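Notes to accompany the following structure.
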Amino acid sequence: MKQFKGRVVVPGELTAEAVVSKQGFNCLASFKKALLPLPSGKEAPCDDQNNENIYGVKMAGKALCLPLTIGSTTGGMIIYCVGDMGRLPACMLYSKEVDPVSAAGIILNDVWTDTPMPVIDKLGDEFLDYVQNGMKISIHKDGTVEVF
Numbered sequence: 002m003k004q005f006k007g008r009v010v011v012p013g014e015l016t017a018e019a020v021v022s023k024q025g026f027n028c029l030a031s032f033k034k035a036l037l038p039l040p041s042g043k044e045a046p047c048d049d050q051n052n053e054n055i056y057g058v059k060m061a062g063k064a065l066c067l068p069l070t071i072g073s074t075t076g077g078m079i080i081y082c083v084g085d086m087g088r089l090p091a092c093m094l095y096s097k098e099v100d101p102v103s104a105a106g107i108i109l110n111d112v113w114t115d116t117p118m119p120v121i122d123k124l125g126d127e128f129l130d131y132v133q134n135g136m137k138i139s140i141h142k143d144g145t146v147e148v149f
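The numbering of the sequence shown is our numbering, which starts it at 2 and goes up by one.
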């Protein structure tokens, strides 16, 4: 097990399986299928064909580990809308600093929906180098992230 310490953007405590994007995460491209009507119980996989790390991988309920978010100014609204539909990852863990557009959507999701999604940023490059798909991650309210 290895521990990392980051800055808490939205507090929470949970344990989840890691899904790791080693490149910038495009919210619109990744979540576009999650915005569509889906049959009950069906999860939408990552739909960003330019993200070879997680294309086709289901993200709902997982610990999404990423360096940063990229893409258009719709990113924050996409996060909020996917949260309102109950299809977000369990948490988002940034190795770098969360951008203002995504932070706005993350905070709107926290305030306006019943879908909590803890977010921790500034975990460092070592975090993203260490964590691999399928590893278990526990996060704590103080920004501590344990990877095992």
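In this text, a Cβ means the ideal position worked out from N, Cα and C, and glycines have one as well.
No experiment lies behind these values; they were computed from the predicted model shown.
1) Is the CB-CB distance between Ala35 and Asn134 below 8 Å?
2) Name the DSSP beta bridge partners of Ser139, please?
3) If we count the other Cβ atoms within 10 Å of its Cβ and call it buried at 16 or more, is Asp111 buried or exposed?
4) Under 8 Å, do Lys33 and Leu69 count as touching if we go by C-beta distance?
5) Taking DSSP as the reference, what is the three-state secondary structure of Tyr95?
6) For Asn27, count the other beta carbons within 10 Å of its own beta carbon; 16 or more makes it buried, fewer makes it exposed. Which is it?
7) Roughly how many whole angstroms lie between the Cα atoms of Gly7 and Asn52?
8) Excluding the 5 residues flanking Ser73 on each side, which residues of the same chain have their C-beta closer than 7 Å to its C-beta?
9) In the structure shown, what three-state DSSP assignment does Ile108 receive?
10) Could you check whether Thr116 and Gly76 sit closer than 8 Å to each other, using their CB atoms as the reference points?
11) Measure from the alpha carbon of Ala64 to the alpha carbon of each residue in Ile140, Gly144 and Thr145, then state which is nearest.
So, from the listed chains and residues:
1) Start at 1 with the first residue of the sequence shown, and residue 35 comes out as number 34. Start at 1 with the first residue of the sequence shown, and residue 134 comes out as number 133. Contact annotation: Ala35 and Asn134 have beta-carbon atoms that are not nearer than 8 Å.
2) For the purposes of this step, residue 139 is taken as the residue at position 138 of the sequence shown. Beta-bridge analysis with DSSP links Ser139 to Thr16 and Glu147.
3) For this step, residue 111 is matched to residue 110 along the sequence shown. Around the CB of Asp111, 16 or more other CB atoms lie within 10 Å, so the residue is classed as buried.
4) Here residue 33 refers to the residue found at position 32 when the sequence shown is read from its first residue. Here residue 69 refers to the residue found at position 68 when the sequence shown is read from its first residue. Between Lys33 and Leu69, the gap from beta carbon to beta carbon reaches 8 Å or more.
5) The count along the sequence shown starts at 1 and reaches residue 95 at position 94. Strand.
6) As a position in the sequence shown, residue 27 is number 26, starting the count at 1. With 16 or more neighbouring CB atoms inside 10 Å of its own CB, Asn27 falls in the buried class.
7) By 1-based counting over the sequence shown, the position of residue 7 is 6. By 1-based counting over the sequence shown, the position of residue 52 is 51. If you take the alpha carbons of Gly7 and Asn52, they lie about 24 Å apart.
8) By 1-based counting over the sequence shown, the position of residue 73 is 72. Taken in chain order, the residues that qualify are Leu29.
9) Within the sequence shown, numbered from 1, the residue matching residue 108 stands at position 107. Three-state result, Ile108: helix.
10) For the purposes of this step, residue 76 is taken as residue 75 along the sequence shown, with counting starting at 1. For the purposes of this step, residue 116 is taken as residue 115 along the sequence shown, with counting starting at 1. Against a cut-off of 8 Å, the Cβ pair of Thr116 and Gly76 comes out as no contact.
11) As a first step, residue 64 must be located in the sequence shown, where it is residue number 63. Of the listed residues, the one whose Cα sits closest to Ala64 is Ile140.
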